[in-house]
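Q: When we follow my numbering, the leftmost residue of the first sequence carries the number 522, and every step to the right adds one.
C-beta atoms are modelled at their ideal positions from N, C-alpha and C, and glycine is treated no differently.
Small disclaimer: the values here were computed from a predicted structure and weren't measured.
Here it is, the structure, as structure tokens.
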Amino acid sequence: MAEIDNNGINQEEILPKNFIQQQIIDDLAEGKNGGRVHTRFPPEPNGYLHIGHAKSICLNFGTARKFGGLTNLRFDDTNPTKEDTEYVDSIMEDVRWLGFDWDDRLYYASDYFDKLYEFAVSLIKTGKAYVDFQSQEVISEQKGVPTRPGIDSPYRNTSPEENLEIFARMKDGFYNEGECVLRAKIDMSSPNMHMRDPLMYRILKQPHHRTGDKWCIYPMYDYAHGQCDYWEGITHSICTLEFEVHRPLYDWFIDELKDSDYRPRQIEFSRLNITYNVMSKRLLLLMVKEGYVKGWDDPRMPTICGLRRRGYTPESMRAFSDRVGVTKVDGVTDVAVLEYCIREDLNKTAQRVMGVIDPLKVVITNYPEGLVEELDAINNPEDESKGKRKVPFSRELYIEREDFMENPTNKFYRLSVGREVRLRYSYFIKCNEVIKNDQGEVIELHCTYDPETRGGNAPDGRKVKATLHWVAVAQAVKAEVRLYDRLFTDADPSGHKDKDFLDFLNPDSLSVLTDCYIEPFVKNGKPLDSFQFERLGYFNIDPDTTTDKIVFNRIVSLKDGFKKL
RNA sequence: UGUCCUGUGGUGUAAUUGGCAACACGUCUGAUUCUGGAUCAGAAGAGUUCAGGUUCGAAACCUGACAGGACAACCA
């Protein structure tokens, strides 16, 4: 049994699950930060969140929760040229949908613009920051390259008094964009490029989505992030690997700022990659803008809103995030793991229903015309409490075209002429005759049923090898079904130096079937409700559904236990 | 020819800190089944990038290679 100690921390769960939790445990053991654990999720509102962010959300909120701590949501909005409130709203929706809550701890980097300015002034006063009037090109040239040290700027030794005046003018809009920048005075010969007098502020005469026209100078990420962490009391600042080389700078600013033993600590982990996907905001934005997909929430997209529309559940996303783990190894997760997670969830929860997506008409020649029977069907065999429903059965039915084979191979044991199969929850039927059109295509089957097998079992105990799903023609709901395949044909579309990721776009990633028939039960469904179409897979109702057309998305197929022959 | 990070079955992770390399996904068997699903039972698959060293004992520690990644935005 779990024991709760007086900090409310579950002692049973205190075993580290990954290296970050191990480091937190070590920090706690050393008595750092007064035993607090406080994380933050810091998205830049310049695009929609994707499944990699979902992992980060689960990691930040999940880790804090495990240690009885808190997590802030903080928008990293230091660049008004790229950011927008549209993205702020979608990000909040996505975090909540995933099942996390920041309570009243919603922050913006822009909340700290005044404090950041004051801190910059204090760094100027101590001679640790200076305004540089050189062009971007010159500054870049002076920075050198990783293998060769840089050289000092001629503005490096301007007096603090003069810098103070200039910086105030900079803030007041006296200079033009690009005319000057504020830099930290650190070490132009550092082997770490980020320590070669990094930029703290640049001039951007752009209105900001929150501060409006108040500022024309905006802090750089490196100058803002750690200080925001500090002022919010963040203890563990978890980010992705590309910020690893920024850590010395993060620490440098904190050292200048801190006035107690408390300090936030940056810990990096490797970002999520999934086979047959791209996971970069830039590339995802490009696919949306250029129309390769229908939008950020296209069900083929690895965005959170895309996966939500596709039918992925928050539970499945959290389970996935848990399964992939947290390390510093740059790897690729098989998309099969994601699919496993949604199947695992939906198998336990999804309402079963019968639907035929590639119909073949069947006439039960010995079944009374005009008769409709209501037969019992189980709503979810994995969950007795979900009960049963009635499914109408009549003389004319649809079955799946691929469940019939005129000349069956020896591994095919479904319907064929002379064979008997079971129609799920109804009767055994035997196929007697194949009706073809002028092109020789099978258009209809004539079968007979055995009235003794009502419900699906034969009193004489005889067995059939296959059970087929079906729908009654007259009662079926006609539907559009959208089938999705992977968006790319290559496992690592953006990983080829000589090829563009668009070269690997899968032309068949979407197929729309318009002649599908589903049992009447689905009429009660609302957009985003999900079902298992028995033997086919999991499907949900797409928001494109209207009063006269119901549209389904295939979330994922059922696992195929057999090879197509 | 700089600094930093990372190398464990096909893939993702683990190995309680030096003690028989474990789990999951995937793959393949078989059982069972009114979903070729689910479930159950089982199998194959790594000797931990390589070479030295320390040790009774190394995936782990040390040295050196090799491979991959990150860093040279007034982006985050």
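1. Per DSSP, what kind of secondary structure is residue 893 in: helix, strand or coil?
2. Do the CB positions of residue 990 and residue 1055 come within less than 8 Å of each other?
3. Quick check: the stretch 752-767 against the stretch 721-735, are there 3 or more CB pairs under 8 Å?
4. State the CB to CB distance for the pair residue 644 and residue 705, rounded to an integer number of angstroms; the pair is presumed to be in contact (CB under 8 Å).
5. Quick one, which of 1026, 1073, 554 has its alpha-carbon nearest residue 807's?
6. Look up residue 796 in the DSSP assignment and say whether it is helix, strand or coil.
7. My assumption, with CB atoms under 8 Å, is that residue 610 sits in contact with residue 631. Please give the rounded CB distance.
8. Compare the beta carbon distance of residue 951 and residue 969 with 8 Å and say whether it is the shorter of the two.
9. Specify whether the stretch 879-896 and the stretch 910-919 touch according to this definition: at least 3 beta carbon pairs, one from each stretch, less than 8 Å apart.
10. Report the residue ranges of all beta strand (DSSP E) runs contained in full by the stretch 778-841; include only those spanning at least 3 residues, in chain order.
11. DSSP puts residue 560 in a beta bridge; with which residues?
12. Use the C-beta contact count for residue 995: other C-beta atoms within 10 angstroms, 16 or more gives buried, fewer gives exposed.
13. Since I believe residue 723 is in contact with residue 702 (beta carbons under 8 Å), could you give me their beta-carbon distance rounded to a whole number of angstroms?
14. Taking C-alpha atoms, which residue in 558, 653, 1081 lies nearest to residue 593?
15. Three or more C-beta pairs under 8 Å: does that hold for the stretch 558-567 against the stretch 831-846?
16. For residue 770, which three-state DSSP category applies?
17. Would DSSP call residue 991 helix, strand or coil?
18. Residue 692 by DSSP, collapsed to three states: which one?
19. For residue 663, which three-state DSSP category applies?
20. With a threshold of 8 Å on Cβ separation, who are the neighbours of residue 605 within its own chain once the five nearest residues in sequence on each side are excluded?
21. Label residue 1036 either buried or exposed according to how many other C-beta atoms from any shown protein chain fall within 10 Å of its C-beta, with 16 as the threshold for buried.
22. Which residues does DSSP pair with residue 876 in a beta bridge?
23. Counting only the same chain and skipping the five closest in sequence on each side, list residues whose C-beta sits under 6 Å from that of residue 795.
24. I'd like to confirm the pairing. Which residues does DSSP put opposite residue 999 in its beta bridges?
25. For residue 1070, which residues in the same chain have their Cβ closer than 7 Å to its Cβ, ignoring the five residues on either side in sequence?
26. Rounded to whole angstroms, what is the Cα-Cα separation between residue 675 and residue 850?
27. In whole angstroms, what separates the C-alpha of residue 909 from that of residue 581?
28. Looking only at its chain, what residues have a beta carbon closer than 8 Å to the beta carbon of residue 892, apart from the 5 residues adjacent to it on each side?
29. List, from N- to C-terminal side, the alpha helix (DSSP H) runs of 4 residues or more that fit wholly inside the stretch 580-665.
30. By the three-class DSSP mapping on this structure, what secondary structure does residue 741 have?
31. Helix or strand or just coil, what does DSSP make of residue 976?
32. On the premise that residue 971 lies in contact with residue 948, defined as a C-beta separation below 8 Å, what is that separation, rounded to the nearest angstrom?
A: Answer, in terms of the structure:
1. Residue numbering aside, residue 893 sits at position 372 when the first sequence is read from its first letter. Residue state, collapsed to three classes: coil.
2. On the first sequence, position 469 is the one that residue 990 refers to. On the first sequence, position 534 is the one that residue 1055 refers to. Yes, Cβ-Cβ distance for residue 990 and residue 1055 is below 8 Å.
3. no
4. Counting from one through the first sequence, the residue named residue 644 turns up at place 123. Counting from one through the first sequence, the residue named residue 705 turns up at place 184. Going by Cβ atoms, the distance from residue 644 to residue 705 rounds to 7 Å, so yes, they are a contact pair.
5. One-based indexing of the first sequence puts residue 807 at position 286. It is 1026.
6. Position 275 of the first sequence holds residue 796. Reduced to three states, the DSSP call for residue 796 is coil.
7. As a position in the first sequence, residue 610 is number 89, starting the count at 1. As a position in the first sequence, residue 631 is number 110, starting the count at 1. About 16 Å; that fails the 8 Å criterion.
8. The residue you call residue 951 lines up with position 430 of the first sequence. The residue you call residue 969 lines up with position 448 of the first sequence. A contact, by the Cβ cut-off of 8 Å.
9. yes
10. 786-790
11. Residue 560 sits at position 39 when you count from the first residue of the first sequence. According to DSSP, which records beta bridges pairwise, residue 560 is partnered with 592.
12. Against the first sequence, residue 995 aligns to sequence position 474. That one is exposed.
13. What you label residue 702 is simply residue 181 of the first sequence in a count that begins at 1. What you label residue 723 is simply residue 202 of the first sequence in a count that begins at 1. Residue 702 to residue 723, Cβ: 5 Å. Contact.
14. Along the first sequence, read from residue 1 onward, the residue named residue 593 stands at position 72. Nearest option by C-alpha distance: 558.
15. no
16. Along the first sequence, one-based indexing puts residue 770 at 249. Of the three classes helix, strand and coil, the one that applies to residue 770 here is helix, per DSSP.
17. Translated into the one-based positions of the first sequence, residue 991 becomes position 470. Here residue 991 sits in strand by DSSP.
18. Taking the first sequence and counting its residues from 1, one reaches residue 692 at position 171. Here residue 692 sits in helix by DSSP.
19. Locating residue 663 in the first sequence gives position 142, where the first residue counts as 1. Note: residue 663 maps to helix in three-state DSSP.
20. Translated into the one-based positions of the first sequence, residue 605 becomes position 84. 566, 567, 730, listed in sequence order.
21. As a working note, residue 1036 is residue 515 in the first sequence. Exposed, since its Cβ has fewer than 16 Cβ neighbours within 10 Å.
22. Position 355 of the first sequence holds residue 876. Answer is 1039, bridged to residue 876.
23. Position 274 of the first sequence, counted from the first residue, corresponds to residue 795. Closer than 6 Å at Cβ, skipping near neighbours: 854, 856.
24. To locate residue 999, count along the first sequence from 1; it is residue 478. Bridge partners of residue 999: 1038.
25. As a first step, residue 1070 is located in the first sequence; it is residue number 549 there, counting from the start. So the list reads 1001, once near-sequence residues are dropped.
26. As a position in the first sequence, residue 675 is number 154, starting the count at 1. As a position in the first sequence, residue 850 is number 329, starting the count at 1. Each residue's Cα considered, the two are about 42 Å apart.
27. As a working mapping, residue 909 is identified with position 388 in the first sequence. As a working mapping, residue 581 is identified with position 60 in the first sequence. The alpha-carbon atoms of residue 909 and residue 581 are separated by roughly 42 Å.
28. Here residue 892 is taken as the residue at index 371 of the first sequence, counted from 1. Around residue 892: 915, 916.
29. 606-618, 634-646, 657-664
30. Translated into the one-based positions of the first sequence, residue 741 becomes position 220. Note: residue 741 maps to coil in three-state DSSP.
31. Locating residue 976 in the first sequence gives position 455, where the first residue counts as 1. In the structure shown, residue 976 sits in coil (DSSP, three-state: anything other than H, G, I, E or B).
32. Looking up residue 948 in the first sequence gives position 427. Looking up residue 971 in the first sequence gives position 450. Yes, residue 948 and residue 971 are in contact; Cβ-Cβ is about 6 Å, under 8 Å.
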